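Colleague: Next up is a structure, given as structure tokens.
There are 4 protein chains.
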Amino acid sequence: MCRWIAYSGTPVLLSQVLFQPEHSLIDQSLHSRMGVETTNGDGFGIGWYPEDTEMADPAVLRDVGPAWNDRNLQEVAHTRSGLFFGHIRASTGSAVQHSNCHPFRSGRWMWMHNGMISEFRRVRRDLALAVDPALYADIEGSTDSEVMFFLALTFGLPEDPPGAVARMAGFVETTAQSHGTRHPLQMTVAVTDGERVWAFRYSSEGRSRSLYVSTKVDALRALHPDVSFLRELSDETRLVVSEPLGDLPGRSYGVVQPGGGVLHRFRPEYPEGTGARG
Amino acid sequence: MCRWIAYSGTPVLLSQVLFQPEHSLIDQSLHSRMGVETTNGDGFGIGWYPEDTEMADPAVLRDVGPAWNDRNLQEVAHTRSGLFFGHIRASTGSAVQHSNCHPFRSGRWMWMHNGMISEFRRVRRDLALAVDPALYADIEGSTDSEVMFFLALTFGLPEDPPGAVARMAGFVETTAQSHGTRHPLQMTVAVTDGERVWAFRYSSEGRSRSLYVSTKVDALRALHPDVSFLRELSDETRLVVSEPLGDLPGRSYGVVQPGGGVLHRFRPEYPEGTGARG
Amino acid sequence: MCRWIAYSGTPVLLSQVLFQPEHSLIDQSLHSRMGVETTNGDGFGIGWYPEDTEMADPAVLRDVGPAWNDRNLQEVAHTRSGLFFGHIRASTGSAVQHSNCHPFRSGRWMWMHNGMISEFRRVRRDLALAVDPALYADIEGSTDSEVMFFLALTFGLPEDPPGAVARMAGFVETTAQSHGTRHPLQMTVAVTDGERVWAFRYSSEGRSRSLYVSTKVDALRALHPDVSFLRELSDETRLVVSEPLGDLPGRSYGVVQPGGGVLHRFRPEYPEGTGARG
Amino acid sequence: MCRWIAYSGTPVLLSQVLFQPEHSLIDQSLHSRMGVETTNGDGFGIGWYPEDTEMADPAVLRDVGPAWNDRNLQEVAHTRSGLFFGHIRASTGSAVQHSNCHPFRSGRWMWMHNGMISEFRRVRRDLALAVDPALYADIEGSTDSEVMFFLALTFGLPEDPPGAVARMAGFVETTAQSHGTRHPLQMTVAVTDGERVWAFRYSSEGRSRSLYVSTKVDALRALHPDVSFLRELSDETRLVVSEPLGDLPGRSYGVVQPGGGVLHRFRPEYPEGTGARG
Chain A
164 MCRWIAYSGT
174 PVLLSQVLFQ
184 PEHSLIDQSL
194 HSRMGVETTN
204 GDGFGIGWYP
214 EDTEMADPAV
224 LRDVGPAWND
234 RNLQEVAHTR
244 SGLFFGHIRA
254 STGSAVQHSN
264 CHPFRSGRWM
274 WMHNGMISEF
284 RRVRRDLALA
294 VDPALYADIE
304 GSTDSEVMFF
314 LALTFGLPED
324 PPGAVARMAG
334 FVETTAQSHG
344 TRHPLQMTVA
354 VTDGERVWAF
364 RYSSEGRSRS
374 LYVSTKVDAL
384 RALHPDVSFL
394 RELSDETRLV
404 VSEPLGDLPG
414 RSYGVVQPGG
424 GVLHRFRPEY
434 PEGTGARG
Chain B
164 MCRWIAYSGT
174 PVLLSQVLFQ
184 PEHSLIDQSL
194 HSRMGVETTN
204 GDGFGIGWYP
214 EDTEMADPAV
224 LRDVGPAWND
234 RNLQEVAHTR
244 SGLFFGHIRA
254 STGSAVQHSN
264 CHPFRSGRWM
274 WMHNGMISEF
284 RRVRRDLALA
294 VDPALYADIE
304 GSTDSEVMFF
314 LALTFGLPED
324 PPGAVARMAG
334 FVETTAQSHG
344 TRHPLQMTVA
354 VTDGERVWAF
364 RYSSEGRSRS
374 LYVSTKVDAL
384 RALHPDVSFL
394 RELSDETRLV
404 VSEPLGDLPG
414 RSYGVVQPGG
424 GVLHRFRPEY
434 PEGTGARG
Chain C
164 MCRWIAYSGT
174 PVLLSQVLFQ
184 PEHSLIDQSL
194 HSRMGVETTN
204 GDGFGIGWYP
214 EDTEMADPAV
224 LRDVGPAWND
234 RNLQEVAHTR
244 SGLFFGHIRA
254 STGSAVQHSN
264 CHPFRSGRWM
274 WMHNGMISEF
284 RRVRRDLALA
294 VDPALYADIE
304 GSTDSEVMFF
314 LALTFGLPED
324 PPGAVARMAG
334 FVETTAQSHG
344 TRHPLQMTVA
354 VTDGERVWAF
364 RYSSEGRSRS
374 LYVSTKVDAL
384 RALHPDVSFL
394 RELSDETRLV
404 VSEPLGDLPG
414 RSYGVVQPGG
424 GVLHRFRPEY
434 PEGTGARG
Chain D
164 MCRWIAYSGT
174 PVLLSQVLFQ
184 PEHSLIDQSL
194 HSRMGVETTN
204 GDGFGIGWYP
214 EDTEMADPAV
224 LRDVGPAWND
234 RNLQEVAHTR
244 SGLFFGHIRA
254 STGSAVQHSN
264 CHPFRSGRWM
274 WMHNGMISEF
284 RRVRRDLALA
294 VDPALYADIE
304 GSTDSEVMFF
314 LALTFGLPED
324 PPGAVARMAG
334 FVETTAQSHG
344 TRHPLQMTVA
354 VTDGERVWAF
364 RYSSEGRSRS
374 LYVSTKVDAL
384 RALHPDVSFL
394 RELSDETRLV
404 VSEPLGDLPG
414 RSYGVVQPGG
424 GVLHRFRPEY
434 PEGTGARG
């Protein structure tokens, strides 16, 4: 049960978003130290598309300790980027190791996840076997989140992100239900190709984790009048967080892209011939 | 602001004390994840006197991540010992690194601390200069806790533990007050030579951190009727914790030794010619 | 390409075997720092059966840094045991993470490996699919070594260790050859159930890594006349190392058990209906 | 006994200098794995002045494992900078911890060191006491290298780098000789304020570690005709390394700055009233 933030818009220093706002991602981990909520101390990661290089792929910094005391994170946050992800992890059982930290990367794609597949051990093998054999050897860790990413890649993520995520969710539900898990999936997922960000939230049970897509930077400015850097951002800038700040419908997804963001209803797509329903 | 536990008595597996009781040290770190209290996720350490070796010095396992997810800690806790320390750390500013984790060791002596010297940076140099020059080069970290240990060693810890700790506390107060810090010291300290355990609590301001010296194992059995291993312990077994479980007087110290434990009033000893008072 | 040591016999402190001998495992890593040979700095692990506990399963300490500078390893080596493994890792490509460090454990069984499956990425999926589905979810890392262990478990390790390892080797060769890898397997493997130790060496190409099974403790005493603790060992004590000290036949395995050790010829067992040959 | 590289010139990706050249810093650590020379596996660090930020201070990434297997280093090396340091560490005794890794930083200044103060434990206290009391509390680690940096800061580094380093070297020699260490100092040091880089080499005994100041980028191009990025560099670009590539006089220092680099003779400055000589 983790938390994440996705930023897209006017290039800023990562530190301005990750550390400076009163309710920043790292601040949330600090607040949780004060007893307000669950500690996310089982690793962290940031991924960003470097400005001013020819590299299309994102760079990713991950480590296994808490974000709140990591000095390398504070240093690297002095990087400027117009599209980046940040994630803090609370393990639901799998090992605390580098390869289990988000965001995950494949080529120019990045993926991060908050949530879980209930009773994942039961279905881990069946889900892994459905991954494209050409991709299987790239799985490095042992999390449900990474397998979900590889399933989405298998089901056509580069061509049709919403469709691929819908097919992933449908396949996870069908598989888990065949193993007797009734409401297997809770997720808020963010995925990007370096140009657009797709954000999804969904729960098999109908009780979704919160997802906040800021449709206008005006809203952010109104929420954080004290955060001066917000005033310098273009109107297209968006911040998406896996946090209970908003009041979106429970099953939804958003796209953030140059020109603005839109919100859609999310439905899993089930494999043909199955009667599974979320 | 850390927490610690000291065990002395019938040899047991460390895991029985560190992991199994409902309110074990690690359990406290787990509970804190649930939002009950401050997270102690900035490192941990255990120190024990190995049974069945000729070694008089304690072995110490320390690491910089949270105790709750550390697999090596769980493994090494399958060690049996009749005297051991456990500590979980919440940094008050100094680096999260191996040499800043407790317990600290010098020969057969171990030391651990919960609390702080307020505005430590102001007095760090003066305190370090007072350390016996023959010991100075053994300081490896940057915490107030380690310097307090080296001051106690300098002031005669092996010969007179209560006196050495009193002189250390008095010196810290005098030094800090000369730099304008009015109530500089809060501490619960445990120190051992492998045979006896001394536990101290003291606050310059008169508001001490809690310290619980279980004067009888009966009390523990009554507190934890569900913990079966307590029934197998000798009556001399003691558990001392830096936790608000007891109602001891605010400035006190205890000694745990074969034959039983006793409790005394603690007073700092100030350097001659100073008017400092706690 | 790693190195390992297996000890079985009179209970000793781990440090006596791991650190004190002139050509100890850690000493080999130190020598390699001096330029004599390949550095094994990509993690390490030790596994031991604790004396004086009811626990039948081994305890395992692993970490991702070099063994030569790890303080926790030095501390925990003050443990006494009559059967333990030690391993230092040099990654051949897979991630440097806790779950990729040896020894691996399943219940009371431990496994460690020096060598590699050539072009492992090509066969990783096929090998993983052959693992017993009930065990698949326990795979935590991404190494060939761990998959080899799980295949041996799948093929009957607890009932027939030499047979299970032979079937594992045969299956790996058959699978890899079907993907076009001609000489896929090099291995020296040690495996134990806490009572006996089996050690195997094999190479598809017929050029085996060295494996030294000390059939008599006399031989060790003669090799290391300076190592005083060897004089205190029972005649049944054995030390097996993955090092070029001996002149055993290239395809062989040994069993070390109370009463002495024996050496056999090792042949892979190929799946029926395949023409594969090592 | 470490190694380092300092780059000043046309902004490049750190990876182009740290990873790509055939004899890059990381390549040296890889070669050392092949047995050519001493392993530098006890930590690493890079420091760079971020482009395109208002921040005058350098960012620093450091970690305690080997550079050759560190994934975060590979990721962060996709940063572009016109002035950066890289360092790989081989501990001569002090702890392997974050705060002992180079480069060290104070404000906009960075410092890195290859070499050692012989018998450092004897003089550690005397050297630390000579550090400006206002700076003492910023010492975080336990190395000779960090104390040398703080002494140079104390002796006027910002105003007069060559003079401050000379006074530091003289003070170290005088102090160590008063403790009976005849030839205490070996060093190759690089220090920068973000605009210029000063590089020093000196040995009390007259046998200096090598230091190569590339006075012309032409020389580099000639040495590495295969490294294409060298062709894109301005003529002012310089690379300074702590390696035996050159044939400079044994006691020397160089300055690299916009406009070119110059080389001088280095002499320690001894405290008045002492007869110490290097």
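First to last, the sequence lines map onto chains A, B, C and D. Numbered per the numbering used here, the first sequence spans residues 164 to 441. Numbered per the numbering used here, the second sequence spans residues 164 to 441. Numbered per the numbering used here, the third sequence spans residues 164 to 441. Numbered per the numbering used here, the fourth sequence spans residues 164 to 441. From the three backbone atoms N, C-alpha and C, an ideal C-beta is built for every residue, glycine too. Owing to the predicted nature of the structure, the values given are computational and were not obtained by experimental measurement.
Consider the Cβ of C:T306: report whether some Cβ of chain B lies at a distance smaller than 8 Å.
Modeller: Along the third sequence, one-based indexing puts residue 306 of chain C at 143. No, its Cβ sits nowhere closer than 8 Å to a Cβ of chain B.
Colleague: Based on Cα-Cα distance, which residue from B:P213, B:P229, B:A222 and B:R225 lies nearest to A:G130?
Modeller: Nothing can be reported for residue 130 of chain A: it is not among the residues displayed for chain A, which extend from 164 to 441.
Colleague: Answer yes if the region 235 to 248 of chain A comes into contact with the region 285 to 295 of chain C, meaning at least three C-beta pairs across the two stretches below 8 Å, and no otherwise.
Modeller: No, the region 285 to 295 of chain C is not in contact with the region 235 to 248 of chain A.
Colleague: For B:T351 and B:H250, what's the separation of their Cα atoms in angstroms?
Modeller: Looking up residue 351 of chain B in the second sequence gives position 188. Looking up residue 250 of chain B in the second sequence gives position 87. Roughly 12 Å between the two C-alpha positions.
Colleague: I'd like to check one pair, D:A332 with D:P213: are the Cβ atoms closer than 8 Å?
Modeller: Here residue 213 of chain D refers to the residue found at position 50 of the fourth sequence. Here residue 332 of chain D refers to the residue found at position 169 of the fourth sequence. Not closer than 8 Å, so no.
Colleague: Restricting to Cα atoms, I'd like to know which of D:Q183, D:D381 and D:V360 is closest to D:W274.
Modeller: As a working note, residue 274 of chain D is residue 111 in the fourth sequence. When only C-alpha atoms are compared, the closest one is D:V360.
Colleague: According to DSSP, is C:P174 helix, strand or coil?
Modeller: Here the question's residue 174 of chain C lines up with position 11 in the third sequence. Strand.
Colleague: Tell me, to the nearest whole angstrom, how far the beta carbon of D:S305 is from that of D:N263; I am working on the premise that it is less than 8 Å.
Modeller: In the fourth sequence, the residue the question calls residue 305 of chain D occupies position 142. In the fourth sequence, the residue the question calls residue 263 of chain D occupies position 100. Rounded, the Cβ-Cβ distance is 6 Å, consistent with contact.
Colleague: Under 9 Å between beta-carbons, which chain B residues line up against A:V227? List them in chain order, please.
Modeller: Taking the first sequence and counting its residues from 1, one reaches residue 227 of chain A at position 64. Near A:V227 (Cβ distances below 9 Å), the residues of chain B are G228 and N232.
Colleague: Distance check for B:E238 and C:L314, CA to CA, integer angstroms please.
Modeller: Counting from 1 along the third sequence, the entry for residue 314 of chain C is found at position 151. Counting from 1 along the second sequence, the entry for residue 238 of chain B is found at position 75. Their Cα atoms are separated by approximately 25 Å.
Colleague: Note down, in chain order, every chain D residue with its Cβ under 7 Å from the Cβ of B:E303.
Modeller: Within the second sequence, numbered from 1, the residue matching residue 303 of chain B stands at position 140. Residues of chain D passing the Cβ test: A258 and S305.
Colleague: Please state the DSSP three-state secondary structure of C:Y365.
Modeller: Position 202 of the third sequence, counted from the first residue, corresponds to residue 365 of chain C. Three-state result, C:Y365: strand.
Colleague: Against A:S254, what residues of chain B qualify as contacts under a CB-to-CB distance less than 9 Å, listed in chain order?
Modeller: Counting from one through the first sequence, the residue named residue 254 of chain A turns up at place 91. Going along chain B in sequence order, the residues near A:S254 (Cβ under 9 Å) are N232.
Colleague: Residues of chain C with CB closer than 8 Å to the CB of B:E238, please, in chain order.
Modeller: Against the second sequence, residue 238 of chain B aligns to sequence position 75. In chain order: A222, V223 and L224.
Colleague: Determine the closest residue to D:T220 out of D:A385, D:G357, D:R384 and D:A297, with distance taken between C-alpha atoms.
Modeller: Translated into positions along the fourth sequence, residue 220 of chain D becomes position 57. The displayed chain sequence assigns Asp, not Thr, to residue 220 of chain D. Of the candidates D:A385, D:G357, D:R384 and D:A297, the one whose C-alpha sits nearest the C-alpha of D:D220 is D:G357.
Colleague: Can you grab the Cα-Cα spacing for the pair A:D381 / A:E395, in whole Å?
Modeller: In the first sequence, residue 381 of chain A corresponds to position 218, counting from 1. In the first sequence, residue 395 of chain A corresponds to position 232, counting from 1. Rounded to the nearest angstrom, the two C-alpha atoms are 11 Å apart.
Colleague: Going by CA-CA distance only, name the one from B:A297, B:E322 and B:A339 that's closest to B:M279.
Modeller: As a first step, residue 279 of chain B is located in the second sequence; it is residue number 116 there, counting from the start. When only C-alpha atoms are compared, the closest one is B:A339.
Colleague: By a C-beta neighbour count over all protein chains shown, 10 Å radius and 16 as the cutoff for buried, is D:L364 buried or exposed?
Modeller: Position 201 of the fourth sequence, counting from 1, holds the residue named residue 364 of chain D. It should be noted that the sequence gives Arg, not Leu, for residue 364 of chain D. With 16 or more other Cβ atoms within 10 Å, it is buried.
Colleague: Would you list the one or two residues that DSSP bridges to C:A169?
Modeller: Along the third sequence, one-based indexing puts residue 169 of chain C at 6. In DSSP, C:A169 forms a bridge with C:F248 and C:V403.
Colleague: Step through the CB atoms of chain D and report whether any lies within less than 8 Å of the CB of B:L246.
Modeller: As a position in the second sequence, residue 246 of chain B is number 83, starting the count at 1. Closer than 8 Å: no.
Colleague: Any beta carbon of chain A sitting closer than 8 Å to that of C:P347?
Modeller: Stepping through the third sequence from its first residue, residue 347 of chain C is reached at position 184. So no, C:P347 is outside the interface.
Colleague: Using a 10 Å radius around the Cβ and a threshold of 16 neighbouring Cβ atoms, would you call A:S341 buried or exposed?
Modeller: One-based indexing of the first sequence puts residue 341 of chain A at position 178. That one is exposed.
Colleague: Which of the three DSSP states, helix, strand or coil, is assigned to D:Q349?
Modeller: Mapped onto the fourth sequence, residue 349 of chain D falls at position 186. Strand.
Colleague: Just curious, the alpha helix (DSSP H) that C:D398 is in, first and last residue?
Modeller: The residue given as residue 398 of chain C occupies position 235 in the third sequence. First-last for C:D398: undefined, no H or E at that position.
Colleague: State the CB to CB distance for the pair C:F334 and C:P434, rounded to an integer number of angstroms; the pair is presumed to be in contact (CB under 8 Å).
Modeller: In the third sequence, the residue the question calls residue 334 of chain C occupies position 171. In the third sequence, the residue the question calls residue 434 of chain C occupies position 271. Right, their Cβ atoms sit about 6 Å apart.
Colleague: Reducing DSSP to helix, strand and coil, say where A:M197 ends up.
Modeller: Counting from 1 along the first sequence, the entry for residue 197 of chain A is found at position 34. A caution first: A:M197 carries a pLDDT of 38, below 50, which makes its placement in the model unreliable, though a value can still be read off. Residue state, collapsed to three classes: coil.
Colleague: For chain D, check one thing: does any of its Cβ atoms lie closer than 8 Å to the Cβ of B:R414?
Modeller: Residue numbering aside, residue 414 of chain B sits at position 251 when the second sequence is read from its first letter. Note on B:R414: pLDDT 49, under 50, position unreliable in the model; the coordinate value appears next. Judged by the 8 Å Cβ criterion, B:R414 is not in contact with chain D.
Colleague: What number of angstroms, rounded off, separates the C-alpha of B:T317 from the C-alpha of B:T173?
Modeller: Working through the second sequence from its first residue, we reach residue 317 of chain B at position 154. Working through the second sequence from its first residue, we reach residue 173 of chain B at position 10. Rounded to the nearest angstrom, the two C-alpha atoms are 32 Å apart.
Colleague: Quick check on DSSP: helix, strand or coil for B:G206?
Modeller: Position 43 of the second sequence, counting from 1, holds the residue named residue 206 of chain B. If DSSP states are grouped into helix, strand and coil, B:G206 belongs with coil.
Colleague: Going by DSSP, which residues form a beta bridge with A:A222?
Modeller: Within the first sequence, numbered from 1, the residue matching residue 222 of chain A stands at position 59. Beta-bridge pairing links A:A222 to A:W211.
Colleague: Shorter than 8 Å from the beta carbon of D:P407 to some beta carbon of chain C?
Modeller: For the purposes of this step, residue 407 of chain D is identified with residue 244 of the fourth sequence, where counting begins at 1. With a pLDDT of 40 at D:P407, under the threshold of 50, the modelled position of this residue cannot be trusted, and the question is left open.
Colleague: Just to confirm, are D:T344 and D:R285 a CB contact at a threshold of 8 Å?
Modeller: As a working mapping, residue 344 of chain D is identified with position 181 in the fourth sequence. As a working mapping, residue 285 of chain D is identified with position 122 in the fourth sequence. In contact: D:T344 and D:R285 (Cβ atoms closer than 8 Å).
Colleague: Alpha carbon to alpha carbon, how far is B:G369 from D:L224? Give it in angstroms, no decimals.
Modeller: Your numbering for residue 224 of chain D matches position 61 in the fourth sequence. Your numbering for residue 369 of chain B matches position 206 in the second sequence. Using only the alpha carbons, I get a separation of about 43 Å.
Colleague: Using the Cα positions of A:N272 and A:T355, report the straight-line distance between them to the nearest angstrom.
Modeller: The sequence position of residue 272 of chain A within the first sequence is 109, counting from 1. The sequence position of residue 355 of chain A within the first sequence is 192, counting from 1. Here the sequence assigns Trp to residue 272 of chain A, which means Asn is not the residue at that position. Near 6 Å, if we compare the C-alpha coordinates of A:T355 and A:W272.
Colleague: Do we get a CB-CB distance below 8 Å when we pair B:H261 with the residues of chain C?
Modeller: For this step, residue 261 of chain B is matched to residue 98 along the second sequence. Taking Cβ atoms only, chain C reaches closer than 8 Å to B:H261, which makes this a yes.
Colleague: Taking only the alpha-carbon atoms, compute the straight-line gap between D:S257 and D:A329 and give it to the nearest angstrom.
Modeller: For the purposes of this step, residue 257 of chain D is taken as residue 94 along the fourth sequence, with counting starting at 1. For the purposes of this step, residue 329 of chain D is taken as residue 166 along the fourth sequence, with counting starting at 1. Whole-angstrom Cα-Cα distance: 25 Å.
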